[in-house]
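In the working numbering, each residue carries its 1-based index in the sequence shown increased by 76. Ideal Cβ placement from N, Cα and C applies to all residues, glycine included. Bear in mind that the values here come from a model prediction, so they are computed numbers and not experimental data.
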Amino acid sequence: MIGLISATAAGAAARDRLAAAWPGRAVVYEGPVRAAVHRAFAECEQLVCFLATGAVVRLLAPLLSDKSADPGVVCVDEAGRHAVALLGGHAGGANALAEAVAEVLDATPVVTTATDAAGLLGLDMLGLPVEGDVAGVSRAMLDGAPVELRADALWPLPALPPNVAPGSTLPDPADAAVLHITDRVVESGARRAVVRPASLAVGVGASRGAPVDEVVGLVHDALREAGLSPLSIAELVTVDAKADEPGIVAAAARLGVPLRTYAAEALARVEVPNPSGAPLAAVGTPSVAEAAALVEGGELLVPKRKSTPPPGSEGRAAMATCAVVRRAPRGRLAVVGLGPGARDLLTPRAREELRRASVLVGLDQYVDQIRDLLRPGTTVLESGLGAEEERARTAVAEAREGRAVALIGSGDAGVYAMASPALAEAGADIDVVGVPGVTAALAAAAVLGAPLGHDHVSISLSDLHTPWEVIERRVRAAAEADIVVTFYNPRSRGRAWQLPEALSILAEHRDPATPVGVVRNASRPDESARVTSLAALDPAAVDMMTVVTVGNTATRQIAGRMVTPRGYRWQSAAGTGEGGR
Ligand code: SAH
Numbered sequence: 077m078i079g080l081i082s083a084t085a086a087g088a089a090a091r092d093r094l095a096a097a098w099p100g101r102a103v104v105y106e107g108p109v110r111a112a113v114h115r116a117f118a119e120c121e122q123l124v125c126f127l128a129t130g131a132v133v134r135l136l137a138p139l140l141s142d143k144s145a146d147p148g149v150v151c152v153d154e155a156g157r158h159a160v161a162l163l164g165g166h167a168g169g170a171n172a173l174a175e176a177v178a179e180v181l182d183a184t185p186v187v188t189t190a191t192d193a194a195g196l197l198g199l200d201m202l203g204l205p206v207e208g209d210v211a212g213v214s215r216a217m218l219d220g221a222p223v224e225l226r227a228d229a230l231w232p233l234p235a236l237p238p239n240v241a242p243g244s245t246l247p248d249p250a251d252a253a254v255l256h257i258t259d260r261v262v263e264s265g266a267r268r269a270v271v272r273p274a275s276l277a278v279g280v281g282a283s284r285g286a287p288v289d290e291v292v293g294l295v296h297d298a299l300r301e302a303g304l305s306p307l308s309i310a311e312l313v314t315v316d317a318k319a320d321e322p323g324i325v326a327a328a329a330r331l332g333v334p335l336r337t338y339a340a341e342a343l344a345r346v347e348v349p350n351p352s353g354a355p356l357a358a359v360g361t362p363s364v365a366e367a368a369a370l371v372e373g374g375e376l377l378v379p380k381r382k383s384t385p386p387p388g389s390e391g392r393a394a395m396a397t398c399a400v401v402r403r404a405p406r407g408r409l410a411v412v413g414l415g416p417g418a419r420d421l422l423t424p425r426a427r428e429e430l431r432r433a434s435v436l437v438g439l440d441q442y443v444d445q446i447r448d449l450l451r452p453g454t455t456v457l458e459s460g461l462g463a464e465e466e467r468a469r470t471a472v473a474e475a476r477e478g479r480a481v482a483l484i485g486s487g488d489a490g491v492y493a494m495a496s497p498a499l500a501e502a503g504a505d506i507d508v509v510g511v512p513g514v515t516a517a518l519a520a521a522a523v524l525g526a527p528l529g530h531d532h533v534s535i536s537l538s539d540l541h542t543p544w545e546v547i548e549r550r551v552r553a554a555a556e557a558d559i560v561v562t563f564y565n566p567r568s569r570g571r572a573w574q575l576p577e578a579l580s581i582l583a584e585h586r587d588p589a590t591p592v593g594v595v596r597n598a599s600r601p602d603e604s605a606r607v608t609s610l611a612a613l614d615p616a617a618v619d620m621m622t623v624v625t626v627g628n629t630a631t632r633q634i635a636g637r638m639v640t641p642r643g644y645r646w647q648s649a650a651g652t653g654e655g656g657r
């Protein structure tokens, strides 16, 4: 919940706009300001105060405990010009909240947390638990001081700044701060921090009624003796039959990790070092803890061990078993559409994925488009036109090694672009995330008017990968079906006859006056657009930077705009309001 507090009429007006924009998420705290701030601070995860920063600082000072628990606080000035992240920039989410508030109120977000302001990575922004001297190591990262990276494996993390590197590559590693990325317990101290990857699968078995303390105690003992951190537990795993076993369910909750269960038949197929007869008789698999931990693969670090009955029940049989497996990191491939060109048509999600990656793969001209958005330290693998298959292979290979990779394309990366060759190459061993982008046909349509108001199709006129007969058959089908057509890759220096040929096929079924929209460099600085007709279109004005959209038999030019009606009866569509939505 986000608590909203204001003191003046102007503040209240802005407050109400925010409340209206976020129904169910934002609560207005009325009444005297001091009491309202205090109540909201106690009850909400975040606060937006339409008050002077000084006033808020004074009101909150006595209430502060620590940054992991305190709410994030944003202040908005009387004039509604600035949304200032005052408190809890990272952990409290105030930086993100300031951005969101600014978006709604059309204000400027003000974010002062060091790591964000420099475009660098806050250690607490990795989405993974961090321990140790986080402030000391963050400071060193930000100062550009050497930070020795000691990682057990390659994790799909965002780019780290260049001063964070393995000891062998640092000039003077003895002086360096240390950033561990490991599931192992390591020596702590000043300027040493540990990021905990979610690498450990803990298999558990339990007889009916096993106490939660016994299960949790067993897990902690097993990890401690193996020198492993509980913060790296990815999940507890067991057999389906134990999905509701209270001691196991409560143990997962207490450890703050999900519980996942598998069918006994699946576990029975897993090769384990310590099978036994008891679970086979009880649940149908000779191993629960070891098999569940190993079922997704990995390295068995702690073979099956049994619990110690708690004080008072010494002498009775152990009621729980556990085993610990380290899973290999899974790389991450984000396939990101950048939109047609304009920065404000790049989606926030695409922007986020660009900052989430440590490796960027793409065509050089697209990389140039977004280079300023990358985190310092991002590896950029750019290549020239062509080389598509190779780009796709590179991106997948980098992800397979465990990295976080963003593969970019203009428009939507899945439309005549990189997503298909990349996913044809990718196996189940990497995670894939797709981010949609505004494709050229849509960007052009918005410039032209409303040409896609009825059924429409995109056809690429490039016969590089597709025989012309196939393309021609599709154009003919669209012509016969009276479907609006957008031609991608319409014409290049070496491919001049295809567009006139395609237009003549459409002209067999459409009037010579049928509107045709030609948009070059949609949304880019040198954008140009024209609405002409099938008869008047000059193919020489079309190049590879252009899309050509041909209307159907009902498409009209109205006030210079290209409009395809929602149906085939102009009058009734306009008159009844039907289909006008
Ligand atoms: N993935 C891209 C399309 C790649 S095919 C997308 O979704 O938009 C390349 C063709 O797209 C170009 O030849 C041109 O026809 C079209 N195109 C891409 N961006 C364009 C833009 N900004 N304006 C006009 N046409 C564009």
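- The alpha-carbon separation between R552 and A517 amounts to approximately 20 Å.
- Per DSSP, A517 is one residue of the alpha helix (DSSP H) stretching across A516 to L524.
- Annotation for R596 indicates a beta carbon within 7 Å of some heavy atom of the ligand SAH.
- Proximity to A616 across Q574, S599, P588 and Q633 peaks at Q574, based on C-alpha coordinates.
- If you draw a 10 Å sphere on the C-beta of D448, you find fewer than 16 other C-beta atoms in it, and that means exposed.
- The beta-bridge partner set that DSSP reports for S580 is empty.
- Looking from the CA of V313, the closest CA among A327, G303, S459 and V180 belongs to A327.
- Remark: C-beta atoms of I581 and A555 approach each other more closely than 8 Å.
- Boundaries of the beta strand (DSSP E) harbouring I634: R632 to I634, taken from the DSSP string.
- Residue environment: P387 is assigned as exposed (fewer than 16 neighbouring CB atoms within 10 Å of its CB, all protein chains considered).
- C-alpha of L225 to C-alpha of D251: approximately 13 Å in a straight line.
- DSSP places Y442 in the helix class (H, G or I) of the three-state scheme.
- About 19 Å separates the CB atoms of V514 and T640; that is not less than 8 Å, and the two are not in contact.
- Beyond the five residues adjoining it in sequence on each side, P355 comes within less than 7 Å, by CB distance, of G281, T361, P362, S363 and V364 in the same chain, given in chain order.
- At a threshold of 7 Å, M621 counts as near the ligand SAH, since its beta carbon sits closer than that to one of the ligand's heavy atoms.
- T470: not part of any beta strand (DSSP E); member of the alpha helix (DSSP H) spanning E464 to R476, first to last residue.
- Inclusion of R600 in the 7 Å shell around the ligand SAH follows from its C-beta lying nearer than that to a non-hydrogen atom of the ligand.
- 8 Å or more divides the Cβ of M638 from the Cβ of R567.
- Beyond the five residues adjoining it in sequence on each side, A344 comes within less than 6 Å, by CB distance, of T361 in the same chain, given in chain order.
- When rounded, the separation of the alpha-carbon atoms in L246 and L409 is 29 Å.
- In summary, A357 is exposed, with fewer than 16 beta-carbon neighbours lying within 10 Å of its beta-carbon over all protein chains present.
- By the Cβ test, the segment 626-636 is not in contact with the segment 540-552, since fewer than three Cβ pairs between them sit closer than 8 Å.
- The nearest non-hydrogen atom of the ligand SAH is less than 7 Å from the C-beta of D488.
- Note: L436 is bridge-paired with V456 and A482 in the DSSP secondary-structure output.
- When the beta-carbon positions are compared, V443 and V435 stay at least 8 Å from each other.
- P242 and L255 have their alpha carbons spaced roughly 9 Å apart.
- The ligand SAH has a heavy atom closer than 7 Å to the beta-carbon of P416.
- Excluding the 5 residues flanking it on each side, G374 has same chain C-beta neighbours closer than 8 Å at A277, V401, R402, R403 and A404, in chain order.
- Only exposed fits M77, as fewer than 16 other CB atoms lie within 10 angstroms of its CB.
- For P497, the shortest C-beta to heavy atom distance toward the ligand SAH is 7 Å or greater.
- A distance criterion of 7 Å places the beta-carbon of A519 in contact range of the ligand SAH, judged by its closest non-hydrogen atom.
- Relative to the Cα of I81, the nearest Cα in the group E106, A96 and G100 belongs to E106.
- For G485, the Cβ falls inside the 7 Å cut-off from some heavy atom of the ligand SAH.
- At least one heavy atom of the ligand SAH is found less than 7 Å from the C-beta of Y492.
- Counting of Cβ neighbours within 10 angstroms places D488 among the buried residues, the total reaching 16 or more.
- Inside the segment 349-425, DSSP marks whole alpha helix (DSSP H) runs of 4 or more residues at positions 353-359 and 365-370, from first to last along the chain.
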